[in-house]
Amino acid sequence: MKKIILAFLLGVLLIACGKDSKELVYKVGTNAEFPPYEYMEDGKIKGFDADIMDEIAKRGKFKYEWVNMNFDGLISALQSKKVDMVIAGMTLNEERQKYVNFSVPYIKPAVSLIALKSNSTTSIEEFNNKKFGVELGTIEADIIKGKFPDAIIVPFSSNTASVLALKSQKIDAILFDSKVAESYVKNNPEIKIVGEVTGEDKAMAFNLKDTEVHNKVNTILQEMLNDGTIDKLKEKYGI
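What follows is the structure, encoded as structure tokens:
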């Protein structure tokens, strides 16, 4: 009798373990301050990147949970394995490739310069010696250094903080992806878009040593690029 009970319990345990092993749950890092790419709505993370992540999880047959944090903490979170991947409108460049693996680029948005409407400066070139607000950890600082060598870079912990600084005239300008800039202008009537500066490839990021997750997600993302899924999402969000 004891053997029968033991065998039964062992069977239940094996079934439970098998079920748990199939339920992969990845932690996905982001910074939900970049509408329409990622933003908060009714307490949930929404946007272009969020829809991409939903489709990747569906095709990859896994679950995921968001880890929302400041942008400058995303790469270190990957390195310390607090997150398994990052999708946050991150620009792919050589410096970051020293610390993370990138997916194939899935979008290349233009970058726009925003300023106060009360600012009489109308030419992008005239901002060369102005103060630019930059969120810590973003690539915009490098763009500013290349395009505006005499500019003063003022770091902020978030996009929201930099926009507030612009509105209070503590800085003169900010660089955002064009659609992000349009969103901030829409919600802040005192701000204007002066013009476009450049474009940068965006990609997902992964821990350098976690090649299994990188390869799995990268393959799915490439499929989505090939079959038109990414293009449909770009149309949905007007990107």
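Numbering (the working numbering), first residue to last: 2 to 240.
Each residue gets a CB set at the ideal place from its N, CA and C atoms; glycine is no exception.
Asked, Found
"Which of helix, strand or coil DSSP assigns to residue 61", "helix"
"As assigned by DSSP and simplified to three states, the class of residue 113", "strand"
"Cβ contact (3+ pairs, closer than 8 Å) linking the stretch 113 to 126 and the stretch 183 to 197", "yes"
"Beta-carbon separation (whole angstroms), residue 90 vs residue 178, contact threshold 8 Å", "6 Å"
"At least 3 beta-carbon pairs within less than 8 Å: the stretch 77 to 93 vs the stretch 31 to 40", "yes"
"Environment of residue 139 [buried if 16+ CB atoms lie within 10 Å]", "buried"
"Cα-Cα separation between residue 109 and residue 196, rounded to whole angstroms", "17 Å"
"C-alpha gap between residue 182 and residue 83, whole angstroms", "30 Å"
"Euclidean distance between Cα positions of residue 74 and residue 81", "11 Å"
"The stretch 203 to 217 contacting the stretch 94 to 109, beta-carbon criterion three pairs below 8 Å", "yes"
"Buried versus exposed, by CB contacts within 10 Å (16 or more), residue 22", "A caution first: residue 22 carries a pLDDT of 47, below 50, which makes its placement in the model too unreliable to give a value."
"Counterpart residues of residue 39 in DSSP-defined beta bridges", "35"
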